[in-house]
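Enquirer:
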Amino acid sequence: MRSPASERFRSGVQQAVAQLGGDRTAAAKSGVNKSTWYDAKTGRSVPGEQTWPAMRVLLETIPARLTGVSDWEDLYQRVRAERGLPASRSAPHHLPPGTRPFVARQAESRLIGELLDPSGARSAPIVVITGAPGVGKTALAVDWANRMIDRFPDGVLYVDLQGWGPGRELTAAEILPGWLRAVGLDPAALPADQTSQAAALRSSIAGRRMLMVLDNVGSEEQVRPLLPGSPSCRVIVTSRHVLDGLRIHHGGHVVTLAPLEPGDSVGLLREIAGGIVADEAARIARLCGHLPLALRMVATSIPTASPGEVAALIAELEGQDRLDRLSTDDPRTDLRTVISWSFRQLPAAVRETFRSLGRFPGRAIDNATVAALTGARTAQAATRLRALARAHLVHREPDGRFAMHDLIKDYAVELASAKPDAEARLRLVGYYLHASQQADRWIAPHRFQLTLPVGTSVAAPFDDYAGALRWFEAESSTMVAFCLTADDETDHLRWQLAFQLKSFYFLSKRTEEWLLSHRAALSAVVRAGDRRGEAMTRNNLGLAWHELGDDDRALEQYKIAEALFASAGDLHGVSNAVANQAVVHRRRGDLDRALALNMRALAFYRGAAAESPDSRRYVAITLRSIALIETEAGHLASAESHLREAVGLCTELGMTSPAR
Numbered sequence: 034m035r036s037p038a039s040e041r042f043r044s045g046v047q048q049a050v051a052q053l054g055g056d057r058t059a060a061a062k063s064g065v066n067k068s069t070w071y072d073a074k075t076g077r078s079v080p081g082e083q084t085w086p087a088m089r090v091l092l093e094t095i096p097a098r099l100t101g102v103s104d105w106e107d108l109y110q111r112v113r114a115e116r117g118l119p120a121s122r123s124a125p126h127h128l129p130p131g132t133r134p135f136v137a138r139q140a141e142s143r144l145i146g147e148l149l150d151p152s153g154a155r156s157a158p159i160v161v162i163t164g165a166p167g168v169g170k171t172a173l174a175v176d177w178a179n180r181m182i183d184r185f186p187d188g189v190l191y192v193d194l195q196g197w198g199p200g201r202e203l204t205a206a207e208i209l210p211g212w213l214r215a216v217g218l219d220p221a222a223l224p225a226d227q228t229s230q231a232a233a234l235r236s237s238i239a240g241r242r243m244l245m246v247l248d249n250v251g252s253e254e255q256v257r258p259l260l261p262g263s264p265s266c267r268v269i270v271t272s273r274h275v276l277d278g279l280r281i282h283h284g285g286h287v288v289t290l291a292p293l294e295p296g297d298s299v300g301l302l303r304e305i306a307g308g309i310v311a312d313e314a315a316r317i318a319r320l321c322g323h324l325p326l327a328l329r330m331v332a333t334s335i336p337t338a339s340p341g342e343v344a345a346l347i348a349e350l351e352g353q354d355r356l357d358r359l360s361t362d363d364p365r366t367d368l369r370t371v372i373s374w375s376f377r378q379l380p381a382a383v384r385e386t387f388r389s390l391g392r393f394p395g396r397a398i399d400n401a402t403v404a405a406l407t408g409a410r411t412a413q414a415a416t417r418l419r420a421l422a423r424a425h426l427v428h429r430e431p432d433g434r435f436a437m438h439d440l441i442k443d444y445a446v447e448l449a450s451a452k453p454d455a456e457a458r459l460r461l462v463g464y465y466l467h468a469s470q471q472a473d474r475w476i477a478p479h480r481f482q483l484t485l486p487v488g489t490s491v492a493a494p495f496d497d498y499a500g501a502l503r504w505f506e507a508e509s510s511t512m513v514a515f516c517l518t519a520d521d522e523t524d525h526l527r528w529q530l531a532f533q534l535k536s537f538y539f540l541s542k543r544t545e546e547w548l549l550s551h552r553a554a555l556s557a558v559v560r561a562g563d564r565r566g567e568a569m570t571r572n573n574l575g576l577a578w579h580e581l582g583d584d585d586r587a588l589e590q591y592k593i594a595e596a597l598f599a600s601a602g603d604l605h606g607v608s609n610a611v612a613n614q615a616v617v618h619r620r621r622g623d624l625d626r627a628l629a630l631n632m633r634a635l636a637f638y639r640g641a642a643a644e645s646p647d648s649r650r651y652v653a654i655t656l657r658s659i660a661l662i663e664t665e666a667g668h669l670a671s672a673e674s675h676l677r678e679a680v681g682l683c684t685e686l687g688m689t690s691p692a693r
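Given below as C-alpha cells:
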C-alpha cells in the first residue's frame, strides 16, 4: 500500500500529464523520456535525481489546484526517503575551490551582488568581470559564488572556457551536453544540434534559481549559446575583454578590476607570508605592481626566508629581469606566460603596436604619440589603442591618455628589445621635437627657435595657448625620460629636446626637472661632439642653477658656454652667455661688473638688429636689465631712458600680450 506522500506524488504527476496532453507531450516539453513519465504517474518508480529537475520545472507550470501539489521538491524528497533512497543531490555544484586566502575586493563584491539582484528583471542578469592579466578576475568570481551559494538552491554551473590559456578555447557544443545532463535532461533525449541543445538548456533551467559562472571567456560568441533566458538565473562572466556584445545585446554590466590598493596588497602578503615586516611588505607590494597573481607568487617564497633572502628577493624585483623572478613551472601562474596569452590573441597590427610601446620611455601615451612611434595614421593608432584597452593591456588615465601596468610594460620592453627598431625611436623623437617647438611658440612666442634636423608627419594635438600648456604638463616627463635614456643614435637630438623644455620649466618653476633634463642632455651632446649644442645646453643649464639659487655653478656654466660660442664663431650665443653672467653679478651686488657685461651684450644686439629683426627682442630685454641695474645704482634718469626704449620695443614687437 502506498504512503500518503507517495500517493499524492503519483496522483499529482498523473493530473499534470493529463493537463499537458499525455506522456509524449510531457517528454517533448521536458526532455525526459516518456517511460519515465509513465512510471512516475503510475507509481512504478520515483524519477532519478538526474531527470527530476527538468520534470519538476514542467510540473510547476501546472496550477496546484489541478494537481493538488504546491510543494513538488519537498514531496519528492519525502517519497525518496520513504523508499530508502538517499536525499537527492540533483542541483549541480560545479564551482572549483576558491583562492585562499582571499582578501579585499569588498566593494566589487557588493557591486556584483547589487547588479545580479535587479528589480523587475525580464531576463537573466549578467555581470562581466574584466581586467588585466593576473588581476584576480576568477578568484573574485569563485569567491563571490561560494559565499552566495545559498542564494542558488537549484545549483551552480561553472566552466573554464580557456579563452586565455595554454589550451584551445572550448566551444558551447562541447559544454552543452554535460550541462544538460547535470540539470536533469535524460541522456537519451539530448538533441543532436547545438541550437536545439541551447534551447533545451534554457527550457530546463527556466524558473530555477541557478548561477552560471562562465570563466576565462575569449569572445561573446563563445558563450551566447550558454546564456539562460529566465530572470531567476544569474550569470557571472570573467574575461580580459570587456565583451561589449554582452553589454549591448544582453544587458550585461561590466565590473572592471584594478590592481589592489596598497594597503590590501600588504594585507595579502602578510596573510600568506606571516611575519614579514610592514616596510618590506609595502616595498614588495609596490614592486609587484599590486597585482594579486604576482603578490601570491612572491609571498609563497617568503614564509621560510631569512631576512637576507627577503633582501635578495627585493633586489631581484628591483632589477631589470623582474619577470624572471615572477616565473613558475605552471603556465597558469607564470606571469610572463599569462600576459603572453593576451598578446598572442591580438591582431598582427595591434601586436606590433603593443611591442612598440616597449620602446616608449614615458608612462602615458596618446593617439598622436602612438602614430609617431608606429608610423601609422592617427586614426589607426586610436583604433589600436582601443583594441589594447579592450584586452586590458593598457588602461585609460583620467586625462584621456593610456598607460600600462608596470609588469605588462616589462613584458612589452622584452618584446621590443628582441626586435630593435631605431627608426621608431627617431620618428618619436622627431614628433616630440616638433610638437614641443610648436607648444613653445604658444607659451614663449618671441623665443629663439632651433632649426630642427628631423621631421614628423604627425600633427601636434593642440592649437592654442591652453592646449600647449596642457601638452607640456602631460608630456614633459616623457621628454625628460628621453633625455635620460642612453642611446648613441639620439645623442645629437637629446639636447634639442631639453632646449625645448626650457621655457615651460621657467614658466612653471620646475627647476629640478629642468636641471635633470639638461644635465643628461649635456652628457649626450658632449658625446656627440656638437660644440654649439653643448654651448646652448650649458647656457640653459646655468639658468637652471641660477633659478635654484646656486650662482657659482650658474656662472661656471655661463663662462664655459661663452668660450664654446666664441670658438664656434657664434657672437649671438656669446652675447647671451655674457648677459646671463650679468644677472649673477647684479644679484651678488657687483653692479659695475653687471652693467659692463650688459653694455657689451647690448652693443652686439643693436648691431645685429639691423640685419636680424629677431635681435630687437634681445635689445629690449637687455635694456630692461640695464635699467634695473641703474635703478639700484641710483642713476634714475638713465634708467628711465632705457626703460622707455625697452617698453617702446616691447610694444612694437607684441611682447606685452594680455594676461592669459
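Remember, my numbering sits 33 above the position in the sequence shown when you count from 1.
The C-beta atom is built at its ideal place from N, Cα and C for all residues, glycine as well.
Here the structure is a predicted model, which means the values were calculated and not measured.
Just mark THR94 as buried or exposed, buried being the case when its beta carbon has 16 or more other beta carbons within 10 Å.
Expert: So THR94 counts as exposed.
Enquirer: Counting Cβ pairs, one atom from each stretch, are 3 or more of them under 8 angstroms apart for the stretch 125–145 and the stretch 299–314?
Expert: Verdict: yes, contact present.
Enquirer: Helix, strand or coil for ILE162? Go by DSSP, reduced to three states.
Expert: DSSP places ILE162 in strand when its eight states are reduced to three.
Enquirer: Given that a residue counts as buried once 16 or more other Cβ atoms are within 10 Å of its Cβ, and exposed if not, what is GLU506?
Expert: So GLU506 ends up on the exposed side.
Enquirer: Does the distance from the CB of GLY196 to the CB of SER156 come in under 8 angstroms?
Expert: Cβ distance not < 8 angstroms, so GLY196 and SER156 don't count as in contact.
Enquirer: Between the C-alpha atoms of VAL50 and PRO125, what's the straight-line distance to the nearest angstrom?
Expert: In a straight line, the C-alpha of VAL50 is about 26 angstroms away from that of PRO125.
Enquirer: Considering only DSSP beta bridges, list what ARG267 is partnered with.
Expert: LEU244.
Enquirer: Going by beta-carbon coordinates alone, are THR703 and THR289 separated by less than 8 angstroms?
Expert: In the structure as shown, the chain begins at 34 and stops at 693. Residue 703 is therefore absent and cannot be evaluated.
Enquirer: Could you name the residues that DSSP lists as bridge partners for ARG429?
Expert: Paired residues: PHE435.
Enquirer: Would you kindly check if the distance between the Cβ of VAL65 and the Cβ of ASP219 is under 8 angstroms?
Expert: Yes, they are a contact pair.
Enquirer: According to DSSP, simplified to helix, strand and coil, what is VAL189?
Expert: Three-state result, VAL189: strand.
Enquirer: Could you tell me the alpha carbon to alpha carbon distance between LEU686 and VAL558, rounded to whole angstroms?
Expert: Going by the C-alpha atoms only, they are around 33 angstroms apart.
Enquirer: Per DSSP, what are the beta-bridge partners of THR132 in this structure?
Expert: In the DSSP output, where bridge partners are listed per residue, THR132 has none listed.
Enquirer: At what residues does the beta strand (DSSP E) containing THR361 begin and finish?
Expert: Careful: THR361 lies outside any beta strand (DSSP E) and carries neither H nor E.
Enquirer: Who are the Cβ neighbours of ARG111 in its own chain at under 6 angstroms, not counting the five residues just before and after it?
Expert: ALA38.
Enquirer: TYR464 and LEU530 look like a contact to me (Cβ under 8 angstroms); what is the Cβ gap, rounded to whole Å?
Expert: 11 angstroms between Cβ atoms; not a contact.
Enquirer: Among GLU349, ARG369 and ALA348, which has the Cα closest to the Cα of LEU324?
Expert: Among GLU349, ARG369 and ALA348, the Cα nearest to that of LEU324 is on ARG369.
Enquirer: By the 10 Å Cβ neighbour count, where 16 or more other Cβ atoms means buried, how is LYS699 classified, buried or exposed?
Expert: The chain is shown from 34 up to 693; residue 699 falls before or after that span and cannot be answered.
Enquirer: Using the three-state DSSP reduction, which class does VAL287 fall into: helix, strand or coil?
Expert: Correct three-state label for VAL287: strand.
Enquirer: Only counting runs of 4 or more residues, tell me where the alpha helix (DSSP H) segments fall wholly within the stretch 47–73, in order along the chain.
Expert: For the stretch 47–73, whole alpha helix (DSSP H) runs of length 4 or above, ordered along the chain, are 56–63.
Enquirer: Below 6 angstroms CB to CB, which residues in the same chain sit around SER550 once its five sequence neighbours on both sides are set aside?
Expert: Only VAL513, CYS516, ALA531 and LEU534 meet the Cβ criterion.
Enquirer: Among LEU555, THR544 and LEU635, whose alpha-carbon lies nearest the alpha-carbon of LEU581?
Expert: LEU581 has its Cα closest to that of THR544, out of LEU555, THR544 and LEU635.
Enquirer: Excluding the five sequence neighbours on either side, which residues of its own chain have a C-beta within less than 8 angstroms of the C-beta of ALA35, listed in chain order?
Expert: The residue asked about is misnamed: residue 35 is Arg in this sequence, not Ala. Cβ within range, chain order: ARG43 and GLY76.
Enquirer: May I ask you to verify whether the stretch 564–577 touches the stretch 597–610, counting CB pairs closer than 8 angstroms and requiring at least 3?
Expert: Counting Cβ pairs under 8 angstroms, three or more are found: they touch.
Enquirer: Name the DSSP beta bridge partners of SER272, please?
Expert: Per DSSP, THR163.
Enquirer: What are the start and end residues of each continuous alpha helix (DSSP H) run of 4 or more residues lying completely inside the stretch 474–513, in chain order?
Expert: Counting only runs of 4 or more, we get nothing.
Enquirer: Tell me which same chain residues have a C-beta within less than 8 angstroms of the C-beta of GLU522, skipping the five on either side of it?
Expert: The answer, listed in chain order, is ALA455, ARG458 and LEU459.
Enquirer: Whose C-alpha, out of ALA404, VAL246, ALA449 and ALA492, is nearest the C-alpha of HIS391?
Expert: The sequence as given places Gly at residue 391; His does not occur at that position. Closest by alpha carbon: ALA449.
Enquirer: Any contact between the stretch 480–488 and the stretch 381–399? By contact I mean 3 or more CB pairs, one from each, below 8 angstroms.
Expert: No: the two stretches stay apart, fewer than three of their Cβ pairs being nearer than 8 angstroms.
Enquirer: On the criterion of 16 or more Cβ atoms from any shown chain inside 10 Å, does SER490 qualify as buried, or is it exposed?
Expert: With fewer than 16 Cβ atoms within 10 Å of its Cβ, SER490 is classed as exposed.
Enquirer: Threshold first: 4 residues or longer. Then list the alpha helix (DSSP H) segments lying entirely within the stretch 614–658, N to C.
Expert: List check, alpha helix (DSSP H) in window: 624–642.
Enquirer: Our contact map puts ASP584 next to ARG620 with C-beta atoms below 8 angstroms; I'd like the distance itself, whole angstroms only.
Expert: Correct: roughly 6 angstroms between the Cβ atoms.
Enquirer: So, under 8 angstroms CB-CB, PHE185 and LEU259 are touching, yes? Tell me the CB distance rounded to an integer number of Å.
Expert: Actually they are not in contact, since the Cβ atoms of PHE185 and LEU259 sit about 16 angstroms apart, beyond 8 angstroms.
Enquirer: If contacts are defined as beta-carbon pairs under 8 angstroms, then THR664 and ALA672 qualify, I think. What distance do you get, rounded to the angstrom?
Expert: Their Cβ separation, rounded to whole angstroms, is 5 angstroms, which keeps THR664 and ALA672 in contact under 8 angstroms.
Enquirer: Tell me the rounded alpha-carbon separation between GLU678 and ASN613.
Expert: Computed Cα separation, rounded: 21 angstroms.
Enquirer: For LEU213 versus LEU247, is the C-beta spacing smaller than 8 angstroms?
Expert: Their beta carbons are not under 8 angstroms apart, which means LEU213 does not touch LEU247 by this criterion.
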